[in-house]
Amino acid sequence: MRKFNIRKVLDGLTAVSAVASASSAAQQQQAGNRETEIQETLQSEHFQLCKTVRHGFPYQPSALAFDPVQKILAIGTQTGALRLFGRPGVECYCQHDSGAAVIQLQFLINEGALVSALADDTLHLWNLRQKRPAILHSLKFNRERITFCHLPFQSKWLYVGTERGNIHIVNVESFTLSGYVIMWNKAIELSSKSHPGPVVHISDNPMDEGKLLIGFESGTVVLWDLKSKKADYRYTHDEAIHSVAWHHEGKQFICSHSDGTLTIWNVKSPTKPFQTITPHGKQLKDGKKPEPCKPILKVEYKTTRAGEPFIILSGGLSYDTVGRRPCLTVMHGKSTAVLEMDYSIVDFLTLCETPYPNDFQEPYAVVVLLEKDLVLIDLAQNGYPIFENPYPLTIHESPVTCCEYFADCPVDLIPALYSVGARQKRQGYSKKEWPISGGNWGVITQSYSEIIITGHADGSIKFWDASAITLQVLYKLKTAKVFEKSRNKDERPNTDIVDEDPYAIQIISWCAESRMLCIAGVSAHVIIYRFSKQEVTTEVIPMLEVRLLYEINDVETPDGEQAPPVPTPGTGSNPQSIVPQSHPSTSSSSSDGLRDNVPCLKVKNSPLKQSPGYQIELVIQLVWVSGEPPQQITSLAINSAYGLVVFGNCNGIAMVDYLQKTVLLNLGTIELYGSNDPYRREPRSPRKTRQPSGAGLCDINEGTVVPEDRCKSPTSAKMSRKLSLPTELKPDLDVKDNSFSRSRSSSVTSIDKESREAISALHFCETFTRKADTSPSPCLWVGTTLGTVLVIALNLPPGGEQRLLQPVIVSPSGTILRLKGAILRMAFLDTTGSLVPPAHETWREHYEDKDEKEKAKKRRPVSVSPSSSQEISENQYAVICSEKQAKVISLPSQNCIYKQNITETSFVLRGDIVSLSNSICLACFCANGHIMTFSLPSLRPLLDVYYLPLTNMRIARTFCFTDNGQALYLVSPTEIQRLTYSQETCENLQEMLGELFTLVETPEAPNRGFFKGLFGGGAQSLDREELFGESASGKASRSLAQHIPGPGGIEGVKGAASGVVGELARARLALDERGQKLGELEEKTAAMLYSADSFSKHAHEMMLKYKDKKWYQF
């Protein structure tokens, strides 16, 4: 046990003397506790930090590729990320170390490999035959910029086009350059006087691999003969080219241009296009050219055996379609379908039945990669319906503003949420199976269920099933539908305190056992929801308005002003109690025209139909006071056993009995202290300034002011760090890019703002309220931003009928504890060191028949804590975590028995008391990027890993730990990153991850047919090795590109071991595959021998039959 240092116990020289006496008592308590020390089982070897999976839509996508045999989709992003998708549940995330944008992706079809081209002019070869793909080779171009790549099917030679207009050839096996180069000036020769621009397209003729079609940006297209090293044909056009596509017979190709036209060329007629089409151009009279349109960014030309070919294109709309959404156009025969998209199109691919470019393509679907969505269109059904997307790509449907993570939930919870969520699904999807179906699922080693709840800017809340490293949306709740919506900006109520997203969710408090849900929104509103499987219509929405003020203003007693008459439970919406006014505006409080007693949002007064799922129990709103807007809510807690909800902000705290629909407590923060205020603050009015309304999720303390005298808190000596709660956890939501930002200013104004004491943590529990207590009782522990913990005693009436008739009595207990920094989290342990969960009810249907209701009245919600069965003499331990330190306090004596200074130079953003390996620990995430865990109750450091610096406020808002070693945060505006700090989960992760590569036989090549074989005209093959190999073309210039070996494809964290074992595993895999191929070859050879033998016998019989006949007798 650590030797105790009295200097560390004291929070500062200005702390009250009671703290010093408590610290000396702590030493005595510690000495007395040595014999009964709790046995801690967690050791540092139980902890290991690693990323597990990433969910959501790839942020800022830039490239798309599909393997038609393996049925795997790849998406590259502008930040160098690579996301791979197989069948639903098979996903993978990789990252290029450079972070450069991915400009193109190219699968080695059915080979389990992928080539990525990056904006920093590097090529990378990824090995997908392992659960965590790795880079095998890289090639860095030094003198030229990569613009386009093409890898023919079943070829090992990759064509690389550059900005200078040259084409280089890379061997993808060795990742080295061939000496064969197609120079731009040789390709165009005298056809153009100027440089043709960068290479924008490369493809080989589907029927002749020896002919390469090269598209230059300026409008020139060249058909290059690889063998003779000269151009066969050159096709020139006035308009810039964006893309080129072949007809599968290799006799025609189509180009898309910057003026919104498509040109179709016959290969052997280079003088002019065979046909020019303007898909969206208005045909003018008198034979004039159609008006120019926007560029057609991409075109694909796909043929079918049974009917007309498909021409699919993006862009090309006429310029007068201002405000029209981006479109994908599908031209099939005489019909043209224009499919509108919600976001701009990044890229699209047509999925076809065959991987062979020289066969009828038979397209069946189009994958459209949008800026913020992935859409699959069914080409085989009339009307081109979309497929229902099974991937969790809608996390960002509205920007995420907060996040909570729950592990080991009740087993019936996910099915219950799924059943109510299933009713919300849209109709009209394609009836076919999702076509991206490659890969295999991993082995599920977790037996417990996990739920993620996300709160969004539009007031919606989504429940996600996150069990076993997958993610699936279960249910969506729209909290905004309880409020009246203004149809336009002019109709907006002038009581708004935010310009954008007035319904945005700030805090979520959820009891998984009782299914009670409580949310706090940005407009200082709180909504309580109850879960029900039945549909109900609420005639009048239950509502309370609370007048929560800052300080007492020239009034003798807190009760100087009386509230209006108390409404009967469930009927009124009047404020239950009013605290004396403390926020006078620039004019006197009695003057007219000031907003007073009005909430920010207007609750609907019409009947509300509520579907099965979460249904409104009560709406609570803070109101304007004498022209001052209500302050945003900084903390929230609900308890289903007590029927209470409590919330606080920088003005004070309010507690509501949601069963009786009454306000029980409404106090300014200073009033909570009573006469024990350590700061000796005088109850007086603050400076008379008006609070400006912020935009989006604005700083909670924005524009508020404080008394002239600065609070003498122990932390006030360090003025340099001005990032205290609640400001840091409630940052601005920049409306333009939905990113979070905050001021790091340490100016005088920010110091003033911070000194107002906000409620930062709330925890209901059944414990010892005062030192003299002999038994635990229900109470509320309140933590503030100045590091104070106050305890409020709760006196609950008996259960059943009495609970609804008798009032709950609430009274501050006088117990005050002190820590450095804002309080973040509190929890309680019993004498064995086990966590004492808050009391809760188990869920039951609220709308029951009368018999059930009678039984329910007799039931009293009981605490499930172990303490209820313990003897009265046994004590408990309070665990309190602040943004600077953690303390364990023995109860009822209130002696601090353990203390840990978590950080001196930074501050804790998130602290959670979590269970792991049948024990518990404190997990913390610091602003300096460190993730730390501490044993309980002794607060021994177990893990300290530098993981992720606080680069933006999105991470701070969404980072959360949960039980069983799980954690998550929003890594980008569209993606959730999950991680684990459990050694056991890290070890099992390899098994749990899905496999991308599976052994699939490549389809047979198309039959050439008898006549094509006899007279030519079929696909011409090319010995590329003979052309591009070192013996024929020589070595490439060393200065042109640099080869960089990759990590060698060793499996991620727990791969096929390293060194010899890994080599043996790979060799065995290669041998198995070779053996399998040899076996297939042997079977085919045997079949051919048998066929030859039977043919020989048949021929001999024919010869004998006609041996003696003359020619005219046949």
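For the sequence shown, the positions run 2 to 1115 when my numbering is used. We put the beta carbon where it would ideally sit given N, CA and C, even for glycine. It should be emphasised that the depicted structure is a prediction, and the values quoted were computed from it without experimental measurement.
With DSSP collapsed to three states, give me the class of residue i.
i, result
"F176", "coil"
"V268", "coil"
"Q582", "Reliability fails at Q582, whose pLDDT of 32 lies under 50, so the model's placement of it is uncertain and no value is given."
"H47", "helix"
"I888", "The sequence given here places Lys at residue 888; Ile does not occur at that position. Three-state DSSP puts K888 in a strand."
"S641", "coil"
"G822", "coil"
"V368", "strand"
"M993", "helix"
"L734", "Reliability fails at L734, whose pLDDT of 37 lies under 50, so the model's placement of it is uncertain and no value is given."
"P416", "helix"
"F1029", "helix"
"S1038", "coil"
"G1147", "Nothing can be reported for residue 1147: it is not among the residues displayed for the chain, which extend from 2 to 1115."
"T262", "coil"
"L805", "helix"
What's the gap between the Cα of residue i and the Cα of residue j?
i, j, result
"E372", "G220", "28 Å"
"S612", "M993", "36 Å"
"H281", "V527", "51 Å"
"P938", "S139", "50 Å"
"G334", "A246", "17 Å"
"V91", "G995", "5 Å"
"D500", "A525", "14 Å"
"I634", "G522", "8 Å"
"W625", "P411", "41 Å"
"V909", "T785", "15 Å"
"K486", "C512", "30 Å"
"H1044", "K141", "6 Å"
"L795", "M933", "35 Å"
"S1", "E145", "A query on residue 1 cannot be resolved here, the shown segment of the chain reaching from 2 to 1115 and no further."
Can you give me the start and stop residues for the beta strand (DSSP E) that residue i sits inside?
i, result
"R1116", "Look at the range of the chain in this structure, 2 to 1115, and you will see that residue 1116 is not part of it."
"Q901", "896-902"
"R1197", "Because the chain spans 2 through 1115 in this model, residue 1197 falls outside it and cannot be assessed."
"E976", "976-983"
"E92", "92-96"
"M208", "Here M208 belongs to no beta strand (DSSP E), and DSSP marks it neither H nor E."
"M342", "No beta strand (DSSP E) contains M342, which DSSP labels as neither H nor E."
"A64", "62-68"
"Q616", "614-623"
Judging by CA-CA distance, which residue of the options is the nearest neighbour of residue i?
i, options, result
"C780", "K426, C766, L791", "C766"
"F86", "W442, I462, L550, Q425", "W442"
"G216", "C256, N186, Q507, Q901", "C256"
"A114", "A120, H125, D121, H841", "H125"
"I621", "P608, L923, D658, C93", "D658"
"C519", "L637, H457, S438, D413", "L637"
"C150", "L106, V811, Y365", "L106"
"V809", "V547, K662, E210", "K662"
"K479", "H457, I470, Q40, Q473", "H457"
"N902", "C925, S894, I914, P893", "C925"
Taking residue i as part of the alpha helix (DSSP H), name the residues at either end of that continuous run.
i, result
"K187", "185-189"
"E672", "670-674"
Is residue i close to chain D? Criterion is C-beta to C-beta, closer than 8 Å.
i, result
"L969", "In summary, chain D is missing from the structure at hand, where a single protein chain is found."
Count the CB pairs spanning the stretch 352-365 and the stretch 394-408 that are closer than 8 Å, and state whether there are at least three. no
Tell me whether the stretch 97-106 and the stretch 71-86 touch, counting them as touching only if at least three CB pairs, one residue from each stretch, are closer than 8 Å. yes
Just checking, does the stretch 262-275 make contact with the stretch 234-245 on the three C-beta pairs under 8 Å criterion? yes
Within 8 Å, do at least three Cβ pairs link the stretch 377-384 to the stretch 449-464? no
With contact counted as at least three CB pairs below 8 Å, one residue from each stretch, are the stretch 197-205 and the stretch 152-169 in contact? yes
Between the stretch 175-184 and the stretch 322-332, do at least 3 Cβ pairs fall closer than 8 Å? no
Is the stretch 660-673 close to the stretch 826-838, with three or more CB pairs under 8 Å? no
Quick check: the stretch 412-427 against the stretch 970-984, are there 3 or more CB pairs under 8 Å? no
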